């Protein structure tokens, strides 16, 4: 089992709809969870982080964390064509020293 | 967050040669990280570089192939040695956000390496 798993997509969503991106992780001891957005040819950009169970909202983005189910998600409301990118889920693992483990990423396309 | 720059932004190299990638940060940071992103793949951590100590390498990565220097709190280098076409990747450095005392990492723009 991979440490961090995402559906690679592609996920296609119409403009204005809600895009839902999901991620599961294997290490129950994980404490920190991150969502990065990566445009083609660019480096990853941190857009959300969450440490506690529940929802965290920032503008059109909502991160949701359920540690019991080892599940973290990212919702994008009112999706825009500029949201088209690959979204990477990352989990901070404490394995002697802290390190980030990334999922394979979900490619999201917003259709005008 | 810190401003991170990398040099070179891209390079095309011949197999058997070595390339040193530089990462410069505009503020002092304790931990710097080096990642590799192979074509169409996600990010894989190569090593963690702390100032004043040897870099810590992840499974599958060795110092002879990827020597790292960390001479001060704002700079690090990664060398890709004795390159083969399989080393063609994007190499990224990242730093933790020291001000927030959190584990958020921010990435430099990356170095796109092609080995022929």
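Protein chains in written order, with this note's numbering: chain A, 1 to 112; chain B, 113 to 228.
Where is the CB? At the ideal position from N, CA and C, for every residue including glycine.
All of these numbers come straight from a predicted model, not from anything done at the bench.
Identification of chain B residues near residue 102 of chain A by a Cβ-Cβ cut-off of 7 Å yields 154, 155, ordered along the chain.
The stretch 217-227 of chain B and the stretch 41-49 of chain A touch, with no fewer than 3 CB-CB distances between them shorter than 8 Å.
Identification of chain A residues near residue 220 of chain B by a Cβ-Cβ cut-off of 9 Å yields 43, ordered along the chain. Put simply, the backbone Cα of residue 69 of chain A is about 44 Å away from that of residue 123 of chain B. For residue 92 of chain A, the chain B residues whose C-beta falls within less than 8 Å of its own C-beta are 215, listed in chain order. 154, 155, 156, 157, 160, 168, 170: these are the residues of the stretch 154-180 of chain B whose beta carbon lies less than 9 Å from some beta carbon of chain A, given in chain order.
Looking at the DSSP output, residue 14 of chain A shares a beta bridge with A:111. Residues of chain A with a Cβ closer than 9 Å to the Cβ of residue 204 of chain B are, in chain order, 43, 44. One finds 154 in chain B with Cβ atoms closer than 8 Å to the Cβ of residue 105 of chain A, taken in chain order. By the criterion of a C-beta distance shorter than 7 Å, residue 160 of chain B is surrounded in its chain by 143, 145, 167, 168, once the five residues flanking it on both sides are discounted. If the five residues before and after residue 176 of chain B are omitted, its C-beta is found closer than 8 Å to the C-beta atoms of 193, all from its own chain and listed in chain order.
By the neighbour-count criterion, in which a residue is buried when 16 or more other Cβ atoms sit within 10 angstroms of its Cβ, residue 17 of chain A is exposed.
The alpha-carbon of residue 138 of chain B is positioned some 7 Å away from that of residue 186 of chain B. In this structure residue 206 of chain B is buried. Its beta-carbon is surrounded by 16 or more other beta-carbon atoms within 10 angstroms. Interface annotation, residue 99 of chain A: in contact with chain B, CB-CB separation under 8 Å.
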